[in-house]
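Take the sequence shown: its position 106, counting from 1, is numbered 736 in the numbering used here, and each next residue is one higher.
Note that the Cβ used here is the ideal one computed from N, Cα and C, for glycine as well.
Here is the structure we will look at, set down as structure tokens.
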Amino acid sequence: MTERRGQLIALRAPADEPLGDAGLVAACAAGDRAARGLLFERYVDVVHRFVAHLRAGAAADVDDVVQATFVAAFAAAPRFRGACARPWLLGIAAHLTFDRARREVRRKRALAAVAERAAGATTGGDPLLRQALPAALAALPAPLRAAVVMVDVLEEKGADAARALGIPEGTLWRRVHEARQALRRALDGAP
631 MTERRGQLIA
641 LRAPADEPLG
651 DAGLVAACAA
661 GDRAARGLLF
671 ERYVDVVHRF
681 VAHLRAGAAA
691 DVDDVVQATF
701 VAAFAAAPRF
711 RGACARPWLL
721 GIAAHLTFDR
731 ARREVRRKRA
741 LAAVAERAAG
751 ATTGGDPLLR
761 QALPAALAAL
771 PAPLRAAVVM
781 VDVLEEKGAD
791 AARALGIPEG
801 TLWRRVHEAR
811 QALRRALDGA
821 P
């Protein structure tokens with residue numbers, strides 16, 4: 631058993647009674663895989679419906695957020711201080727959904743800025759300006775170029791791009807950020 635703020639929470643329920651959310655999350659915090667599976671089964675449908683209403687996007691995006699929600703919940707389980715896991719999980723899902731939307735907006739703005747600058751380069755009469763984007767892209771170090779091409783040109787999802795490149799997703803996003811900054815600087819310096 632685990633002590634939590636002066637009360638004891640059973641990590642295993644008696645055979646004739648289902649384990650409550652507090653005990654289930656406590657068991658998840660202790661690394662119990664069966665408890666993680668039970669928490670997932672108990673709340674995956676409600677989390678999926680909630681995220682689908684918030685995202686109103688592609689089913690794969692919704693699935694990604696749902697999966698990230700449970701991964702984050704399992705990591706945060708030791709800090710759970712409630713009786714019911716449902717609002718806690720929905721809060722995590724909302725945070726991840728809004729964070730993903732903010733990142734998506736920033737990515738689209740950055741891509742639009744580069745595309746706008748490149749469009750000016752391709753429609754303008756200056757051949758040096760027309761070559762600015764491909765030249766700037768070619769000047770990037772290979773890891774940065776691979777990251778920005780996969781995410782911004784090929785529009786791969788971050789997790790898929792990171793997996794393809796064999797790097798953590800955080801490293802991918804750092805490289806994309808650095809590549810975008812370098813491209814902006816190069817295009818701003820172009821004639």
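Pair within 9 Å by beta-carbon distance, residue i and residue j
| i | j | result |
| --- | --- | --- |
| Phe700 | Val674 | yes |
| Leu802 | Ala812 | no |
| Ala660 | Leu649 | no |
| Ala743 | Arg685 | no |
| Pro773 | Arg810 | no |
| Ala740 | Ala816 | no |
| Leu795 | Ala776 | yes |
| Ala656 | Ala707 | yes |
Extent of the continuous alpha helix (DSSP H) to which residue i belongs
| i | result |
| --- | --- |
| Glu824 | Nothing can be reported for residue 824: it is not among the residues displayed for the chain, which extend from 631 to 821. |
| Val696 | 689 to 706 |
| Ala777 | 772 to 778 |
| Pro648 | First-last for Pro648: undefined, no H or E at that position. |
| Ala766 | 762 to 769 |
Under the three-state DSSP convention, the category residue i falls into
| i | result |
| --- | --- |
| Glu785 | coil |
| Asp662 | coil |
| Ala713 | coil |
| Gly667 | helix |
| Gly796 | coil |
Burial state of residue i (16 or more Cβ within 10 Å)
| i | result |
| --- | --- |
| Asp782 | buried |
| Asp818 | exposed |
| Cys789 | In the sequence on display, residue 789 carries Ala and not Cys. Per the 10 Å Cβ criterion, exposed. |
| Cys658 | buried |
| Ala652 | buried |
| Asp694 | buried |
| Phe710 | buried |
| Ala762 | buried |
| Gly755 | Any reading at Gly755 must be qualified, since the residue scores a pLDDT of 49, below 50, and its modelled position is unreliable; no value is offered. |
| Leu669 | buried |
Supposed close pair residue i, residue j - CB separation, criterion 8 Å
| i | j | result |
| --- | --- | --- |
| Leu654 | Phe680 | Not really, about 19 Å apart at Cβ, beyond 8 Å. |
| Arg716 | Val676 | 7 Å |
| Val692 | Ala682 | 5 Å |
| Leu726 | Ala690 | With a Cβ gap of about 15 Å, Leu726 and Ala690 do not count as contacting. |
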